[in-house]
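Heads up: the structure comes next, in structure tokens.
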Amino acid sequence: MGAALTPARRRSAGPRLDKAELRAFGTKLRAWYRRNARDLPWRKTRDPYAILVSELMLQQTQVSRVLEYWQRFLRRFPTLQQLAKADERHVLEQWQGLGYYARARNLHKLSRAVVREGAAAWGDADAATAVAADGRPSPLPAEAEKLRRLPGIGAYTAGAVSTFAFERRAALVDTNVARVLARVFAPKLNPKRPRDLTLLWQISEATLPRTGKATWTHNQALMELGALVCTARVKRCGACPVTSVCRSAETARADADSRGRARRR
DNA sequence: AAACCGGGGGA
DNA sequence: TCCCCAGGTTT
């Protein structure tokens, strides 16, 4: 399925990335993550509903504030079914103070659609019950493409739920990942530009490890690196595990490959 | 492509 | 102050 009519033409205007380079990047990245990851509660569950709630809350919202909201929200609405039964007013109450309230309304709408219509909620006439990575059946689909069709779920969140709950081998790009991948592999790309973002999605795909299990770690690690080391304002290249393969690392390398950046004052 | 949606935090 | 933050939807 797919790619059937892709000509043998060049896929994109993106940088050339060879397998050894991508593999070295991924290996170093995931090793770093195992040692340095923060202990975040939504990384301990594989419940698709709980993970979906976390991803929605985390949109444009800092981890530190989501922590308490997430715990409280799930205590109040432990399952998708119970959320569907709740009055929207009560859902919004739990969201009060988080901002971007359309997220809460969409989540509630989504819960009712999925509970009431099943697979029809994402446009399938019929579908087998998905199974989360912990072996439990899930009312939510596992494929990013299907998740994407639900209200409030865009490309990023679809990929996130697919890998983090179902441990599928799916790519994802958020602001962290876009920034990290651009700096490491394509310094000329501007993550702000929609045009360049499509290229970054391709790069994200290209960096994925082979298995879904490793992909879970990989995607978490990409975002963690962007949150802790390769941040928007400050690049902590000295603490970065992938400087040796990074095309824009600010370490003083004697290599003659980069242009003169002898800017000093 | 740009506007819009919130509120808090860091540099 | 500015701009960033696990984005998505609408115009």
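Here the UniProt record's numbering is used: the first residue of the first sequence is 1, the next is one more, and so on. C-beta: ideal position from N, C-alpha, C; glycine also. This structure is a prediction, so every number in the text was calculated from the model and none was measured.
Here R103 is near L56, since their CB atoms are less than 8 Å apart. Look at the beta carbons and you see the stretch 120-127 not touching the stretch 88-96: under three pairs across the two are nearer than 8 Å.
Going by beta carbons, N190 and L222 fall outside the 8 Å limit. Taking every protein chain shown into account, the CB of Q62 has fewer than 16 other CB atoms within 10 angstroms, so this residue is exposed. The distance from the Cβ of R72 to that of Q220 is about 23 Å, inconsistent with a contact at the 8 Å cut-off.
Between Y49 and L98, the gap from beta carbon to beta carbon reaches 8 Å or more.
Within a 10 Å sphere around the beta-carbon of Y156 sit 16 or more other beta-carbons, which makes this residue buried.
In the three-state reduction of the DSSP assignment, A182 falls in the helix class, which pools H, G and I. In the same chain as R46, and ignoring 5 residues on each side of it, the C-beta atoms closer than 7 Å to its own belong to A132, A133, D134 and A165, in chain order. D174 is classed as buried because its beta carbon has at least 16 other beta carbons within 10 Å across all chains shown. Here A84 has S111, R112 and V115 as same chain residues with Cβ atoms under 6 Å from its own Cβ, once five neighbours each way along the sequence are excluded.
Linking W201 to R76 through their CA atoms gives a straight-line distance of about 36 Å.
In the three-state scheme derived from DSSP, where H, G and I count as helix and E and B as strand, P48 is classed as helix.
Assigned with DSSP and collapsed to three states, C230 falls in strand.
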